[in-house]
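So the protein lines, in turn, are chains C and X. Take the first sequence: its position 211, counted from the start at 1, is 214 in my numbering, and no numbers get skipped. Take the second sequence: its position 239, counted from the start at 1, is 302 in my numbering, and no numbers get skipped. A quick write-up on the structure given underneath.
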Amino acid sequence: MSEYSIKELLEWNEKIENIVLAEGLDCYEQEFEVCDYEDMIGYETYVGMPSHYPHWSYGKNYERTKTLHRYNMTGLPYEMVINSDPCIAYLMKDNTLLLQILTIAHVYGHNDFFKNNRMFRLATRAKDTVEMFKNHADRIREYIHDPGIGYEKVEKILNAAHAIKFHIYRNIGEKRLSDEEKKRALLERYRKPKTEYPLLEPRVKEEEPPPDFKKIPVEPQEDILLFIMNYGKLLDWERDILNIVREETIYFLPQIETKIMNEGWASYWHYNILNKLNLPQGLHMEFLKRHNQVIRPHLGQLNPYYIGFKIFEDIKNKYPDNLKKIFEIREVERDQSFIRRYLTRELCEEMNLFEYLKLGKNYIITEVSDEDGWKSVRDTIANSAGLSGIPVINVLEWVQKDNMLIIEHQYDGRELELSFAYETIKHITDLWEGKIMLVTKIDNKRKLITCDEQKRVTLTDG
Amino acid sequence: MAIFRQFINSGKDRAAEDKRRHRQLVEESIKKNIGNIIAEESIIGQSKDKKIKIPIRGIKEYRFIYGNNGSSAGSGDGSEKRGDKIGEEKAGKGGPGDGQAGNNEGEDIYETEVTIEELIKYLFDDLNLPDIDKKKLAEVESIRSTKNLGYQRKGIPPRLAKKRSVVEKIKRKQGYLRNKNDGESLQDNQSEVFETEKSEDKRFPFMEDDLRYRRIREDHKKDFNAVVICIMDVSGSMDQTKKYMARSFYFLLYQFIKLKYSNVEVVFVAHTTVAKEVNEDEFFHKGESGGTYISSGYEKALEIIEQRYNPASWNIYAFHCSDGDNWSEDNKRAIEMADKLCEVCNLFGYGEIVPGYYSSSSTIKAEYKKNVKRNNFSVITMTKKEDILQGLKKLLEKEGD
Numbered sequence: 004m005s006e007y008s009i010k011e012l013l014e015w016n017e018k019i020e021n022i023v024l025a026e027g028l029d030c031y032e033q034e035f036e037v038c039d040y041e042d043m044i045g046y047e048t049y050v051g052m053p054s055h056y057p058h059w060s061y062g063k064n065y066e067r068t069k070t071l072h073r074y075n076m077t078g079l080p081y082e083m084v085i086n087s088d089p090c091i092a093y094l095m096k097d098n099t100l101l102l103q104i105l106t107i108a109h110v111y112g113h114n115d116f117f118k119n120n121r122m123f124r125l126a127t128r129a130k131d132t133v134e135m136f137k138n139h140a141d142r143i144r145e146y147i148h149d150p151g152i153g154y155e156k157v158e159k160i161l162n163a164a165h166a167i168k169f170h171i172y173r174n175i176g177e178k179r180l181s182d183e184e185k186k187r188a189l190l191e192r193y194r195k196p197k198t199e200y201p202l203l204e205p206r207v208k209e210e211e212p213p214p215d216f217k218k219i220p221v222e223p224q225e226d227i228l229l230f231i232m233n234y235g236k237l238l239d240w241e242r243d244i245l246n247i248v249r250e251e252t253i254y255f256l257p258q259i260e261t262k263i264m265n266e267g268w269a270s271y272w273h274y275n276i277l278n279k280l281n282l283p284q285g286l287h288m289e290f291l292k293r294h295n296q297v298i299r300p301h302l303g304q305l306n307p308y309y310i311g312f313k314i315f316e317d318i319k320n321k322y323p324d325n326l327k328k329i330f331e332i333r334e335v336e337r338d339q340s341f342i343r344r345y346l347t348r349e350l351c352e353e354m355n356l357f358e359y360l361k362l363g364k365n366y367i368i369t370e371v372s373d374e375d376g377w378k379s380v381r382d383t384i385a386n387s388a389g390l391s392g393i394p395v396i397n398v399l400e401w402v403q404k405d406n407m408l409i410i411e412h413q414y415d416g417r418e419l420e421l422s423f424a425y426e427t428i429k430h431i432t433d434l435w436e437g438k439i440m441l442v443t444k445i446d447n448k449r450k451l452i453t454c455d456e457q458k459r460v461t462l463t464d465g
Numbered sequence: 064m065a066i067f068r069q070f071i072n073s074g075k076d077r078a079a080e081d082k083r084r085h086r087q088l089v090e091e092s093i094k095k096n097i098g099n100i101i102a103e104e105s106i107i108g109q110s111k112d113k114k115i116k117i118p119i120r121g122i123k124e125y126r127f128i129y130g131n132n133g134s135s136a137g138s139g140d141g142s143e144k145r146g147d148k149i150g151e152e153k154a155g156k157g158g159p160g161d162g163q164a165g166n167n168e169g170e171d172i173y174e175t176e177v178t179i180e181e182l183i184k185y186l187f188d189d190l191n192l193p194d195i196d197k198k199k200l201a202e203v204e205s206i207r208s209t210k211n212l213g214y215q216r217k218g219i220p221p222r223l224a225k226k227r228s229v230v231e232k233i234k235r236k237q238g239y240l241r242n243k244n245d246g247e248s249l250q251d252n253q254s255e256v257f258e259t260e261k262s263e264d265k266r267f268p269f270m271e272d273d274l275r276y277r278r279i280r281e282d283h284k285k286d287f288n289a290v291v292i293c294i295m296d297v298s299g300s301m302d303q304t305k306k307y308m309a310r311s312f313y314f315l316l317y318q319f320i321k322l323k324y325s326n327v328e329v330v331f332v333a334h335t336t337v338a339k340e341v342n343e344d345e346f347f348h349k350g351e352s353g354g355t356y357i358s359s360g361y362e363k364a365l366e367i368i369e370q371r372y373n374p375a376s377w378n379i380y381a382f383h384c385s386d387g388d389n390w391s392e393d394n395k396r397a398i399e400m401a402d403k404l405c406e407v408c409n410l411f412g413y414g415e416i417v418p419g420y421y422s423s424s425s426t427i428k429a430e431y432k433k434n435v436k437r438n439n440f441s442v443i444t445m446t447k448k449e450d451i452l453q454g455l456k457k458l459l460e461k462e463g464d
């Protein structure tokens with residue numbers, strides 16, 4: 004068993020909490036649960052939630068984590084925090100006392116971030132988190148136990164919904180126009196003279212065709228899940244499952260969008276809090292060791308703890324007089340903007356960041372962080388942060404004649420992985436009665452991937 | 064003030080149901096591919112422990128993801144220059160920079176290996192085959208079989224479990240490297256990663272603690288002997304495709320019989336107008352030209368049975384594959400011989416291989432159907448690879464009657 008008691012943890016926690024308050028962190032009530040490593044794997048599998056709906060993919064995750072752990076390939080996370088109010092965090096029983104202290108401080112960093120970052124404030128209701136996941140689990144279990152529906156049907160819909168779960172509105176807190184407003188805007192744009200002095204323009208015979216108001220959707224829509232919920236021929240329970248998956252993605256969106264910031268912020272704070280704790284020397288040595296381990300660079304990869312920590316430290320040093328600066332940044336930014344604004348050339352150089360590309364079978368370095376290259380490196384990191392790492396696919400049109408759904412990949416130079424695109428499209432046909440057509444680009448040529456109701460996929464030039 | 068709770072485990076594994084379902088999907092996926100896998104293997108001489116790699120489809124979680132044509136970023140040690148090669152594509156793995164958020168598919172550890180034995184088990188579980196009758200007289204109290212009961216740390220050298228020992232060593236090495244990193248990162252977290260790289264090349268010898276030995280229980284039990292007699296027409300009309308199908312069929316039959324008996328022998332008889340006993344390689348790869356007397360193959364089989372496999376102490380399974388081309392003057396004799404074979408065999412089967420979609424029923428098949436009225440005789444037709452399993456099922460159901 005562990006070398007310390009809960010009472011000891013409470014004492015350390017009190018000291019930490021005092022520093023947290025003094026430093027101006029603004030947290031939800033905090034709850035810690037001390038569990039063993041098997042429970043930890045369980046929590047990790049089910050995204051930290053005490054209850055979650057069942058799906059085989061969680062079984063797969065569990066086995067993977069456990070296998071990796073069994074073969075000593077990876078350590079388990081020291082903690083898990085969930086974005087809820089009160090904020091719940093799990094501590095692993097077998098950790099040393101120092102690790103628990105470090106983890107507790109780290110958790111308060113996350114807690115403050117959850118409560119204050121704009122993404123989280125807009126997209127999630129921390130008070131309802133646990134209840135929401137429990138409610139979702141209950142509803143899915145109810146469908147599974149319904150003799151008219153059953154496990155297999157539910158699983159099929161869940162498989163399909165999971166395949167497109169990231170294709171929802173990406174911009175958190177964006178004001179969305181109703182279809183009526185969109186149409187009005189389109190009409191206005193059409194009516195408005197194209198130039199300031201229309202009389203001076205040469206007369207053109209062909210008029211621009213008026214906007215097509217019958218088209219659904221009026222404008223390309225990135226929320227494929229919502230579109231299918233609105234227009235697909237779904238049964239109520241099927242629509243509800245899509246809604247459940249969509250709500251969970253919305254809940255996780257801020258975490259996906261702020262991975263680097265969130266971990267950087269928590270690491271920044273555990274480092275500063277522990278430095279203020281006056282740890283006995285033995286613990287202090289272990290602290291430095293563990294801290295360095297957490298924020299060490301991963302060769303050839305990007306460690307979000309490392310990058311986030313470095314950037315926050317850098318900002319802090321740059322504005323020695325403005326204590327509020329880092330707090331403002333943690334409130335308004337997300338990874339993409341954070342990297343673009345605050346990852347400087349000096350930092351890129353210090354962290355030896357580079358950019359690479361797959362050419363044939365080899366990975367070749369294309370840019371390094373020198374005067375010419377650092378901006379490109381920075382942009383590459385920004386462009387793969389959070390949701391930017393996931394292709395944007397829009398619903399372009401619902402061809403009502405034969406119920407075909409046309410979706411389009413917003414090509415930005417990065418191609419889709421075709422084998423995955425084929426299978427994903429097949430999943431969509433489980434939700435949409437009719438053909439699906441995906442428009443994309445391969446080798447800079449327009450391509451159409453079609454999947455008919457029999458799940459036959461064809462690739463043609465378009 | 065924060066609350067601290069001790070988690071009280073109710074002893075319930077919350078992931079149990081999802082794990083079960085996932086495993087079920089893995090097995091299904093293996094079964095789906097089994098027809099293709101199994102036909103590739105050589106019939107005998109393969110140890111049942113031989114591992115085959117199987118790509119498992121259907122348990123990936125598909126999403127729209129980016130392919131490989133975009134740039135990625137990583138951190139280095141400062142020695143990187145433009146144009147440096149930092150890695151190579153590995154089968155089934157992502158690039159060196161799997162750190163990209165959100166869309167890395169990671170390593171698919173379920174692209175796994177199974178042994179032939181496991182495969183056969185999946186296969187026959189699925190077919191739901193009946194138990195086969197064993198001749199009581201054919202019991203021979205002799206050979207001891209050994210049963211693997213897991214692993215232990217001490218043992219005698221012949222029972223060293225090599226693979227398991229290597230696994231243990233790797234585990235120890237991983238732990239060692241991690242601890243080492245911890246220590247070094249204290250002084251210099253920059254060079255520490257490279258230390259790891261270098262030590263990969265260093266010798267990391269086995270230690271006594273790594274070694275594992277098989278734990279074995281010896282069983283003396285009654286033994287049943289069986290012989291599978293494979294008779295095949297190797298005349299000019301039997302081309303490679305037909306032989307390939309015959310081969311797959313025999314493989315499965317052999318595997319099935321082997322499941323039921325501890326001692327199984329295989330005899331290969333090839334025939335044109337005359338028959339001879341051959342080895343496996345000749346059986347499948349040597350083509351001959353000339354006409355066909357099916358009876359010659361049966362006669363040879365009967366001769367072998369008489370000489371070596373007394374029906375009183377052997378369970379005999381004979382099977383004949385042909386494309387149905389028999390010279391008509393031989394038909395009558397073939398039927399007689401088939402009848403005789405049925406007398407001595409537990410099961411005698413005739414499989415007609417007609418690749419392609421047209422199938423004109425041959426005379427010999429019709430004659431067999433008309434004239435050989437025995438319970439342990441079975442006629443099946445195979446036109447494509449997928450028929451093999453069904454054929455086997457049909458054949459063995461007969462046995463169960």
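Here a beta-carbon is modelled for each residue, glycine too, at the ideal position from N, C-alpha and C. On a predicted model such as this, the values are computed, not experimentally measured, just so you know.
- Between the stretch 41–55 of chain C and the stretch 109–118 of chain C there are fewer than three C-beta pairs closer than 8 Å, too few to call the two in contact.
- From the listed residues C/D141, C/E41, C/L305, the smallest Cα separation to X/K75 is found for C/E41.
- Proximity to X/V330 across X/I357, X/Y372, X/E399, X/S358 peaks at X/Y372, based on C-alpha coordinates.
- The beta carbons of C/L125 and C/G176 sit about 4 Å from each other, so the pair counts as a contact at 8 Å.
- Near chain X, meaning a CB-to-CB distance below 8 Å, the residues of the stretch 355–369 of chain C are N355, L356, F357, E358, Y359, L360, K361, K364, N365, Y366, I367, I368, T369.
- The Cβ atoms of C/Q33 and C/V133 do not sit closer than 9 Å to each other.
- Residue-level contact by beta carbon fails for X/A224 and chain C, as no gap is shorter than 9 Å.
- Residue-level contact check: C/L24 does not touch chain X, since none of the beta carbons of chain X fall below 9 Å from its beta carbon.
- For the stretch 451–462 of chain C, the set of residues with a beta-carbon nearer than 8 Å to any beta-carbon of chain X is empty.
- Look at the beta carbons and you see the stretch 171–187 of chain C not touching the stretch 266–285 of chain C: under three pairs across the two are nearer than 8 Å.
- For X/R145, the nearest CB of chain C lies under 9 Å from its own CB, placing it at the interface with that chain.
- Within the stretch 340–371 of chain X, no residue has a Cβ lying closer than 8 Å to any Cβ of chain C.
- Interface flag for X/M64 against chain C is set, since a Cβ pair is found closer than 9 Å.
- Annotation for X/S385: D296 place their beta carbon closer than 6 Å to its own, counting only its chain and skipping 5 residues before and after.
- Looking at C/K63, C/L346, C/H139, the one whose alpha-carbon comes closest to that of C/E316 is C/L346.
- The stretch 158–178 of chain C makes contact with the stretch 247–257 of chain C: 3 or more CB pairs, one atom from each, lie closer than 8 Å.
- Here C/H148 is exposed. Its C-beta has fewer than 16 other C-beta atoms within 10 Å.
- Measuring C-alpha to C-alpha distances from C/T427 to each of C/L161, C/R73, C/Y308 identifies C/L161 as the nearest.
- By a beta-carbon distance limit of 8 Å, X/K148 does not contact C/Y308. Their separation comes to about 28 Å.
- Within the model, the alpha-carbon separation for C/E400 versus C/I85 is close to 38 Å.
- If only complete runs of 3 or more residues are kept, the stretch 367–433 of chain C shows the beta strand (DSSP E) at 396–402, 407–412, in order along the chain.
- In the assembly as shown, X/N409 is a buried residue. Its beta-carbon has 16 or more other beta-carbons within 10 Å.
- Under the three-state reduction of DSSP output, C/D464 falls in the strand class.
- Taking the C-beta atoms as reference points, X/S138 is found no nearer than 9 Å to C/L360.
- For X/K457, the closest C-alpha among the options X/Y431, X/K349, X/L316 is that of X/L316.
- Interface annotation, X/F269: not in contact with chain C, CB-CB separation never under 9 Å.
- The alpha carbon of X/V435 has as its nearest neighbour, out of X/G133, X/E399, X/I292, the alpha carbon of X/E399.
- Going by DSSP, C/I231 is part of the alpha helix (DSSP H) stretching over 227–234.
- Boundaries of the alpha helix (DSSP H) harbouring C/A108: 100–119, taken from the DSSP string.
- Per DSSP, the continuous beta strand (DSSP E) segment holding X/M445 begins and ends at 440–445.
- Taking 9 Å as the threshold, the shortest C-beta distance from X/G213 to chain C does not fall below it.
- According to DSSP, C/K444 shares a beta bridge with C/R449.
- In the structure shown, X/R68 adopts extended strand secondary structure according to DSSP, grouped into three states.
- In terms of Cα proximity to C/D415, the closest of C/G437, C/I107, C/R449, C/I152 is C/R449.
- Rounded to whole angstroms, the Cβ separation of X/R145 and C/I368 is 6 Å, and the two are in contact under 8 Å.
- Two segments are said to touch when three or more pairs of C-beta atoms, one from each, lie closer than 8 Å; by this definition the stretch 317–331 of chain C does not touch the stretch 287–299 of chain C.
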